[in-house]
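Residue numbers (the numbering used here): 14 to 793.
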């Protein structure tokens with residue numbers, strides 16, 4: 014049996030609606046919880062997950078092999094490669110599944126169109142699916158049916174198979190002609206919570222679309238059910254060593270997921286902790302779980318130290334104890350210490366998003382370059398930073414705009430002298446980012462136009478030799494380190510360039526779009542190997558010369574990213590004071606630390622780390638002079654986006670576009686400062702929080718975040734009335750206190766028919782704005 018550990022799981026973890034409230038959180042059990050805790054017996058065993066055969070429902074052939082063709086996963090003839098996927102019984106993140114066959118002609122996934130899946134009758138905590146989406150992230154509502162005729166609903170989703178790797182991932186897919194498309198594809202997990210108080214009999218899948226080109230469809234490959242244990246029970250999932258270091262102690266982190274698989278809440282008095290034992294290693298920082306309601310999960314980090322040679326593999330034991338006895342145990346092979354990275358996918362796969370990045374939540378993106386001079390695009394329709402590319406097309410409005418404004422003989426590179434940065438004040442920039450409540454910033458070191466904002470030695474096409482005659486990256490980073498050292502610093506880097514004469518992304522070197530005659534690529538000497546003599550050396554210049562903690566690549570394409578990223582990670586790891594750095598999913602290889610949807614978000618929680626980016630502009634990252642002030646996002650929209658994204662395990666990278674002279678438009682400064690004022694009051698519900706494992710949202714207006722072992726937060730995106738009713742299984746019990754951030758005074762709360770009802774006085778309603786955050790203070 015193959016075992017597939019958590020590696021950038023791309024599935025969504027969705028939760029139940031109010032009808033699926035678990036014990037000890039309903040109206041009848043809230044006050045009985047203490048009695049149950051006191052009189053319940055010792056730890057009871059957790060039933061094994063139950064894989065559910067889906068053979069009779071498979072209706073799509075989405076997996077091919079080199080010798081067996083004929084599949085069509087997405088309606089365009091593309092398929093997963095069977096050589097890279099398992100068949101039969103397989104463990105994914107510690108959960109057993111029955112994975113379908115990739116034999117010729119065999120159907121191997123269900124396209125979700127409302128099919129009913131009959132379940133073995135029983136009481137379950139959750140249903141875990143292996144899913145993926147075609148033509149986008151797919152999701153919808155699944156319905157669970159119980160023997161008493163009642164139902165509950167929950168979100169079920171799958172991330173786009175082409176957008177990210179998952180627990181089951183492949184480095185390529187088959188094209189319609191049978192050749193390999195060298196782009197990673199993946200299958201992830203999606204979890205639906207069930208009510209263990211009722212006996213489940215069936216589950217109805219969401220209705221999405223048939224598998225057709227251009228239409229988003231949800232594909233289901235396998236299903237496994239987690240039965241509920243009656244009593245006090247904990248399960249341990251996906252225990253594994255990592256290459257990450259704990260910020261508090263610098264110890265190597267071993268991660269695991271602790272699941273309350275029983276019907277009794279875990280409280281501080283239970284003394285639940287997690288430790289690791291392995292020959293040559295010792296636990297120096299155990300993890301503790303002080304609050305975990307039935308059905309909830311806690312991702313924990315245990316710190317270990319070892320005297321073994323880094324990279325030594327040893328048998329290890331991860332143990333959960335509580336109430337004086339062992340509650341759960343997992344035997345795993347652990348890699349002790351962190352070796353240098355090698356330029357292979359396997360070696361890089363040991364890297365993950367740093368803990369600082371996972372906790373930061375909010376960053377500022379800065380698109381600034383030669384495109385900031387023309388700074389024009391049809392408002393809300395096109396990216397202004399794509400001006401040079403868009404002016405090539407006679408059917409694009411930019412083509413006519415450029416001709417009418419600058420004339421047909423005015424080349425794009427003629428804008429370079431006008432990119433002056435004369436009013437650029439890097440200290441003012443970074444202090445604005447700090448005041449906005451951001452935790453990191455990411456500057457475009459080089460966009461698709463190929464103009465570098467640092468002193469690159471491999472080309473004169475840069476801001477030191479031309480235009481500003483200044484190293485803009487250096488100035489920003491120096492100011493950030495001096496005046497806002499608490500901020501993390503990152504750089505965007507475009508892998509290809511539109512019209513680089515050696516490897517033009519758009520298929521041709523620079524030319525006059527009106528006459529089609531060649532024009533110079535100013536400052537660049539042609540004749541290089543684009544990747545090895547230009548792209549990779551530039552990335553290494555940034556790594557060694559500027560020490561970015563985040564590199565935000567774009568587009569992908571031809572690359573030497575295996576070598577560059579190995580060097581990046583080793584350079585950061587082997588410094589006198591090691592730094593955890595991170596990379597996104599656009600460097601042209603399958604490996605990544607986080608995914609990057611832009612101008613969109615996910616509908617449900619995505620367990621793998623992700624970051625959504627967008628501009629304050631309605632549809633542009635670079636400054637667009639055509640956008641009126643009232644076209645920009647309001648502070649309320651910024652806050653709502655931030656809350657929504659964070660509740661689903663994402664970060665929000667909000668973009669600003671400075672003018673060519675280095676000034677940040679006043680409307681952008683205003684919006685950032687307004688956001689910062691909200692975060693100064695409510696930031697504890699954002700920074701260093703995690704998603705609620707049962708659900709991300711309830712309806713249009715409610716979102717949830719958790720500060721593990723400390724507090725639970727309810728975010729109301731609409732101004733509440735005198736009573737806020739939350740029809741979800743909120744983890745609250747007698748003795749807990751509820752307040753509203755910014756108001757402070759305790760609020761009266763009750764449980765009624767499974768719903769939490771909070772009395773919200775007028776003073777509290779007036780104290781909030783944009784999003785009203787209610788804090789459940791968990792009793793120690």
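All C-beta atoms in this analysis are idealised placements derived from N, C-alpha and C, irrespective of residue type, glycine included.
All values derive from a computational prediction rather than experimental measurement.
Neighbour-count burial assignment, residue 777, 16 or more Cβ in a 10 Å radius
buried
Which ranges does the beta strand (DSSP E) cover as unbroken runs of at least 3 residues, wholly within the segment 51-107, from first to last along the chain?
63-65 and 101-105
Can you tell me whether residue 410 is helix, strand or coil according to DSSP?
helix
Just the C-alpha distance for residue 463 and residue 308, rounded to the nearest angstrom, thanks.
51 angstroms
Opening and closing residue of the alpha helix (DSSP H) in which residue 141 lies
Counting along the chain, residue 141 falls outside any alpha helix (DSSP H), though it belongs to the beta strand (DSSP E) covering 137-147.
Thinking just about the alpha-carbon of each residue, which of 107, 191, 620 and 78 is nearest to the one in residue 89?
When each option's Cα is compared against that of residue 89, the closest is 191.
N-terminal and C-terminal residue of the beta strand (DSSP E) that residue 779 is part of:
Segment 775-780 is the alpha helix (DSSP H) holding residue 779; no beta strand (DSSP E) there.
Closer than 8 angstroms is the cut-off here; do at least three beta carbon pairs connect the segment 299-314 with the segment 341-357?
no
Buried or exposed for residue 521, going by 16 or more other Cβ atoms inside 10 Å?
Burial state of residue 521 is exposed, judged by a 10 Å Cβ sphere holding fewer than 16 other Cβ atoms.
Residue 156 lies in the beta strand (DSSP E); which residues open and close that run?
According to the DSSP assignment, residue 156 belongs to the beta strand (DSSP E) that extends over 151-159.
Given that a residue counts as buried once 16 or more other Cβ atoms are within 10 Å of its Cβ, and exposed if not, what is residue 44?
Note that residue 44 has pLDDT 29, beneath the 50 cutoff, so the model's placement of it is unreliable and the number below is only indicative. The residue in question, residue 44, is exposed, as its Cβ has fewer than 16 Cβ neighbours within 10 Å.
I need the straight-line Cα distance from residue 554 to residue 469, nearest angstrom please.
Per the coordinates, the alpha-carbon of residue 554 lies some 7 angstroms from the alpha-carbon of residue 469.
Counting C-beta neighbours from all protein chains within 10 Å, is the total for residue 323 16 or more, i.e. buried, or is it exposed?
Residue 323 counts as exposed, since fewer than 16 other C-beta atoms from the protein chains shown sit within 10 angstroms of its C-beta.
Measure the CB-CB distance between residue 626 and residue 666 and report whether it falls below 9 angstroms.
yes
From 203, 561 and 247, residue whose alpha carbon lies closest to that of residue 336
Distance from the Cα of residue 336 is smallest, within the candidate group 203, 561 and 247, for 247.
Contacts around residue 537, its chain only, beta-carbon distance under 8 angstroms, and the 5 residues preceding and following it disregarded
463, 472, 473, 474, 513 and 514
Closer than 7 angstroms by C-beta to residue 353: which residues in its own chain qualify, once you throw out the five before and the five after it? Chain order, please.
Spatial neighbours of residue 353 in its own chain (CB-CB distance under 7 angstroms, excluding positions within 5 residues in sequence) are listed in chain order as 583.
With burial defined as no fewer than 16 other Cβ atoms inside 10 Å of the residue's Cβ, what is the status of residue 413: buried or exposed?
exposed
Beta strand (DSSP E) segment containing residue 273, residue limits:
265-273
Determine the DSSP secondary structure at residue 45, reduced to helix, strand or coil.
Reliability of the predicted coordinates at residue 45 is poor, the pLDDT of 29 falling under 50, and the value obtained from them is presented with this limitation in mind. Coil.
Could you tell me whether the segment 590-601 touches the segment 677-691, where touching means 3 or more Cβ pairs closer than 8 angstroms?
no
Measuring CA to CA, which of 77, 132, 694 and 392 is closest to residue 237?
Nearest option by C-alpha distance: 132.
Just the Cα atoms here: how many angstroms apart are residue 675 and residue 119?
59 angstroms
Strand pairing of residue 753, partner residues [DSSP]
787
Between which residues of its own chain and residue 226 is the CB-CB distance below 8 angstroms, once the five residues before and five after are set aside?
87, 88, 89 and 148
Could you give the DSSP three-state label for residue 430: helix, strand or coil?
helix
Just list the residues that DSSP pairs residue 239 with in beta bridges.
139
Near residue 733, what residues of its chain come up, given a Cβ to Cβ distance below 7 angstroms and the 5 sequence neighbours on each side ignored?
773, 778 and 785
Have a look at 101, 688, 612 and 156 and flag the residue whose alpha-carbon is nearest the alpha-carbon of residue 220.
156
Cutoff 6 angstroms; reference residue 796; Cβ partners in own chain excluding five residues on either side
Residue numbering for the chain in the displayed model covers 14 to 793; residue 796 lies beyond these limits and cannot be assessed.
Please state the DSSP three-state secondary structure of residue 683.
helix
What separation, rounded to the nearest whole angstrom, lies between the Cα atoms of residue 79 and residue 100?
One Cα belongs to residue 79, the other to residue 100, and the distance between them is close to 16 angstroms.
How about residue 77 and residue 94: do their beta carbons lie closer than 9 angstroms?
yes
Given a cut-off of 9 angstroms, decide if residue 760 and residue 771 are closer than it, judged by their beta-carbon atoms.
yes
Determine the extent of the alpha helix (DSSP H) in which residue 471 is found, giving its start and end residues.
Note, residue 471: premise wrong, no alpha helix (DSSP H); not H, not E.
How close, in whole Å, do the beta carbons of residue 143 and residue 235 come, if the pair is a contact with beta carbons under 8 angstroms?
4 angstroms
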